[in-house]
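Peer 1:
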Amino acid sequence: MRTTAFITIMVTALAITTAGTAAAAAGGEYVALGDSAAAGPLILPPDLSSPGCLRSLANYPHVAAKQLGVPLKDVTCSGATTADMYAPQSTETGAVPPQLDALNAATKTVTVTIGGNDVGLVGAATSCINLLPGINPDCVDRYTAGGHDQLAEKIAAFEPTWGALLDAIHAEAPDAAVFVAGYGTYLPHNGCWPIAPLTPRDANYIQGSIDKTNAALARQAAAHNARYVDIRTPSIGHDVCKLPGVKWFESVIPTSVAAPLHPNATGMRHIGATVAAAIG
Numbered sequence: 021m022r023t024t025a026f027i028t029i030m031v032t033a034l035a036i037t038t039a040g041t042a043a044a045a046a047g048g049e050y051v052a053l054g055d056s057a058a059a060g061p062l063i064l065p066p067d068l069s070s071p072g073c074l075r076s077l078a079n080y081p082h083v084a085a086k087q088l089g090v091p092l093k094d095v096t097c098s099g100a101t102t103a104d105m106y107a108p109q110s111t112e113t114g115a116v117p118p119q120l121d122a123l124n125a126a127t128k129t130v131t132v133t134i135g136g137n138d139v140g141l142v143g144a145a146t147s148c149i150n151l152l153p154g155i156n157p158d159c160v161d162r163y164t165a166g167g168h169d170q171l172a173e174k175i176a177a178f179e180p181t182w183g184a185l186l187d188a189i190h191a192e193a194p195d196a197a198v199f200v201a202g203y204g205t206y207l208p209h210n211g212c213w214p215i216a217p218l219t220p221r222d223a224n225y226i227q228g229s230i231d232k233t234n235a236a237l238a239r240q241a242a243a244h245n246a247r248y249v250d251i252r253t254p255s256i257g258h259d260v261c262k263l264p265g266v267k268w269f270e271s272v273i274p275t276s277v278a279a280p281l282h283p284n285a286t287g288m289r290h291i292g293a294t295v296a297a298a299i300g
């Protein structure tokens, strides 16, 4: 009886393992491309395979891959721009290969989050920090001087480059389904000075610029055989102004182990689930 029971257990375990392996093989390899919004700098545990990229093993690609049960090749890297998809990226611990090198004919799923550094979103947000509102001028006046919205113009000028990148991804991984994950709702309407030390006008300008970036990414995804994954909508109500455990993003002074103005571990879990649902 004990021998029969043991054999039954082993056969069942083997069947489960085989089924899981087959499911992973059927799903194919998932390759994650992107910048720090995907890499998850400072979120524990770190991915020590590329320490200069400040990549987390708990970022959204890892969350999504685990939920989908597929093998993951994560080459996301903090500080990445679209140029780093094609050429080596310099990091504090040495250069890392072009992210597109991770793709091949066996790649079945690709996610990409890129563009925030190209159009200067983080730099603009940090330049708008205002510790003396009412004394120091709103930065939106500087960014829109002369009737020219500098960030909006950068986004519009850069938009075709995103489309070209999606074409390059398809060329390297012709059988892959490509998903463009956008950026989230970092700031609520009028912000929340001093938790996020931006004036109401500046908070609305920065989030509005993030929204313009998302709209451009969505248009290019639709035009280049990719699917846009909306992160902005599900993250409403989870901005930097909310309490720990509710917020998905950290403000200038983080309240959890995560980089300022980036997703935290809670955010990565929810973003990963959103991406997995879109892929699945």
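In my numbering, the protein residues as written are 21 to 300. Just so you know, even glycine gets a beta-carbon here, dropped at the ideal spot from N, CA and C.
Nearest to A118 by alpha carbon, out of I230, A52 and L62?
Peer 2: For the purposes of this step, residue 118 is taken as the residue at position 98 of the sequence shown. Strictly speaking, residue 118 in this sequence is Pro, with Ala absent from that position. Selected option, being the one with the closest Cα: A52.
Peer 1: Report the partner residues of T127 according to the DSSP bridge assignment.
Peer 2: Residue 127 sits at position 107 when you count from the first residue of the sequence shown. Bridge partners of T127: E49.
Peer 1: Taking only the alpha-carbon atoms, compute the straight-line gap between M105 and P220 and give it to the nearest angstrom.
Peer 2: Here residue 105 corresponds to residue number 85 of the sequence shown, with the count starting at 1. Here residue 220 corresponds to residue number 200 of the sequence shown, with the count starting at 1. C-alpha separation (whole angstroms): 35 Å.
Peer 1: Can you tell me where the alpha helix (DSSP H) with V142 in it begins and where it stops?
Peer 2: Taking the first residue of the sequence shown as position 1, residue 142 is located at position 122. It spans L141 to S147 - the alpha helix (DSSP H) in which V142 sits, taken as one unbroken run.
Peer 1: If you count every other CB in all the chains shown that lies within 10 Å of the CB of A46, and 16 or more means buried, which is it?
Peer 2: Here residue 46 refers to the residue found at position 26 when the sequence shown is read from its first residue. Note that A46 scores 40 on pLDDT, short of 50, meaning its location in the model is unreliable; the coordinates nonetheless yield the value given after this. With fewer than 16 Cβ atoms within 10 Å of its Cβ, A46 is classed as exposed.
Peer 1: Closest to Y50 by C-alpha separation, out of L64, F199, A100 and W268, would be which residue?
Peer 2: Here residue 50 refers to the residue found at position 30 of the sequence shown. Considering only alpha carbons, the answer is F199.
Peer 1: Taking D323 as the reference, which of Q87, A103, P81 and T102 has the closest Cα?
Peer 2: The question about residue 323 has no answer here: the residues shown for the chain are numbered 21 through 300.
Peer 1: Could you tell me if T41 is buried or exposed, where buried requires 16 or more neighbouring beta carbons within 10 angstroms of its beta carbon?
Peer 2: As a first step, residue 41 is located in the sequence shown; it is residue number 21 there, counting from the start. Caution applies to T41, whose pLDDT of 35 falls short of 50 and renders its modelled position unreliable; the value that the coordinates give is listed next. So T41 ends up on the exposed side.
Peer 1: N137: buried (16+ other C-beta within 10 angstroms of its C-beta) or exposed?
Peer 2: Along the sequence shown, one-based indexing puts residue 137 at 117. With 16 or more other Cβ atoms within 10 Å, it is buried.
Peer 1: If you scan the region 189-258 from start to end, which runs of the alpha helix (DSSP H) of 4 or more residues do you find wholly inside it?
Peer 2: Whole alpha helix (DSSP H) segments, 4+ residues: 220-243.
Peer 1: For the region 157-183, list the alpha helix (DSSP H) runs that are entirely contained and at least 4 residues long, ordered along the chain.
Peer 2: Fully enclosed alpha helix (DSSP H) runs of 4 or longer: 159-163.
Peer 1: Under a three-way DSSP split, which group does D187 fall into?
Peer 2: Position 167 of the sequence shown, counting from 1, holds the residue named residue 187. If DSSP states are grouped into helix, strand and coil, D187 belongs with the helices.
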